[in-house]
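In terms of our numbering, the sequence shown is residues 32 to 273.
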Amino acid sequence: MSPPSRRLQTKPVITCLKTFLICYSLIFWFTGVVLLAVGVWGKVSLEAYLSLASEGGTNAPYVLIGTGAIIVIFGLFGCFATCRGSPWMLKLYAMFLTLVFLAELVAGISGFIFRHEIKAVMGTAYTNAVKSYNETNTLSSALDTIQRTLHCCGVKNYTDWKDAPYFNSKGIPRSCCRENSNCTDEILKDLDKAGKEVFTTVSLEQLNSQRSCWDFFSKLSMSPFVLSLTGLLCSGDKCDGV
Numbered sequence: 032m033s034p035p036s037r038r039l040q041t042k043p044v045i046t047c048l049k050t051f052l053i054c055y056s057l058i059f060w061f062t063g064v065v066l067l068a069v070g071v072w073g074k075v076s077l078e079a080y081l082s083l084a085s086e087g088g089t090n091a092p093y094v095l096i097g098t099g100a101i102i103v104i105f106g107l108f109g110c111f112a113t114c115r116g117s118p119w120m121l122k123l124y125a126m127f128l129t130l131v132f133l134a135e136l137v138a139g140i141s142g143f144i145f146r147h148e149i150k151a152v153m154g155t156a157y158t159n160a161v162k163s164y165n166e167t168n169t170l171s172s173a174l175d176t177i178q179r180t181l182h183c184c185g186v187k188n189y190t191d192w193k194d195a196p197y198f199n200s201k202g203i204p205r206s207c208c209r210e211n212s213n214c215t216d217e218i219l220k221d222l223d224k225a226g227k228e229v230f231t232t233v234s235l236e237q238l239n240s241q242r243s244c245w246d247f248f249s250k251l252s253m254s255p256f257v258l259s260l261t262g263l264l265c266s267g268d269k270c271d272g273v
């Protein structure tokens, strides 16, 4: 009877292991494609939200794009190394998989540990953006984009603008105005009248509930997308001292 090490080196076993490793490499490659796509989507669709949350700008989408590209390359490399059966290529691939696993572990743990801080930071950033709104700076532009896109107004609701210096001179920003509304300068300076012209409802089914931009940020901050982004950033810079 042949020893166990000999039995594991039979052709069927090697073929099975090779097939498994190729399938795994393809799955690994696919996750890289997903990360790449999410990074591009985040850069295109979430730039305003992320820039507001970080009070300036963020490289998080670029981190995902770069990570996704590297994983795609090494996923293909893993398939190639498996097909060739090159020992040094397979060892290099195994080392890379180990590094990726450790990085994902650190990112996941960091995102979970700092999840409450993430939510608080986003809420503070949004509140500060409302208070410092002046129509010209980058944060104000991001805030306008969010309110127009999400059809929301203010942190909790449109009345939050009454505490902003901008309201004393010009009233509620026009980015809060609904389509085909009668948003004149006079109306926007009057909270009671403005309430009939600005975004206050979510949908016909929720006609009596007011929609706040903070509702969106609360959900966004707890989503896997933001947790993974923040986890990656926190692992590098300790969440900016949080």
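The beta carbon of each residue, even a glycine, is placed where N, CA and C say it ideally should be.
Check: Which residue's Cα is closest to the Cα of Lys193: Asn159, Phe132, Lys220, Pro43?; Outcome: Lys220
Check: For Val131, does the three-state DSSP call read helix, strand or coil?; Outcome: helix
Check: Measure the alpha-carbon distance for Gln178 versus Met120 and round it to whole angstroms.; Outcome: 51 Å
Check: Helix, strand or coil: which one does DSSP assign to Val186?; Outcome: coil
Check: Any idea what DSSP makes of Cys208, helix, strand or coil?; Outcome: strand
Check: Hey, how far is the Cα of Val152 from the Cα of Phe230?; Outcome: 24 Å
Check: Contact defined as beta carbons within less than 8 Å: I believe Val64 pairs with Gly99. What is the distance between those atoms, to the nearest angstrom?; Outcome: 7 Å
Check: Counting C-beta neighbours from all protein chains within 10 Å, is the total for Ser240 16 or more, i.e. buried, or is it exposed?; Outcome: Confidence in Ser240 is poor, its pLDDT being 39 and thus under 50, which makes the residue's placement too unreliable to answer from.
Check: In angstroms with no decimal places, state the Cα-to-Cα distance between Glu217 and Ala195.; Outcome: 17 Å
Check: Can you tell me the Cα-Cα spacing of Leu48 and Ala138, whole angstroms?; Outcome: 30 Å
Check: How close, in whole Å, do the beta carbons of Gly226 and Tyr189 come, if the pair is a contact with beta carbons under 8 Å?; Outcome: 6 Å
Check: Would Val103 and Leu67 qualify as a contact pair, given that the criterion is a beta-carbon distance under 8 Å?; Outcome: yes
Check: From Ile45 to Ser172, what does the alpha carbon distance come to, in whole angstroms?; Outcome: 59 Å
Check: Strictly under 8 Å for the Cβ-Cβ distance: is Tyr189 near chain D by that measure?; Outcome: You won't find chain D in this structure, because it holds only one protein chain.
Check: Within 10 angstroms of its Cβ, does Ala112 collect 16 or more other Cβ (buried), or is it exposed?; Outcome: buried
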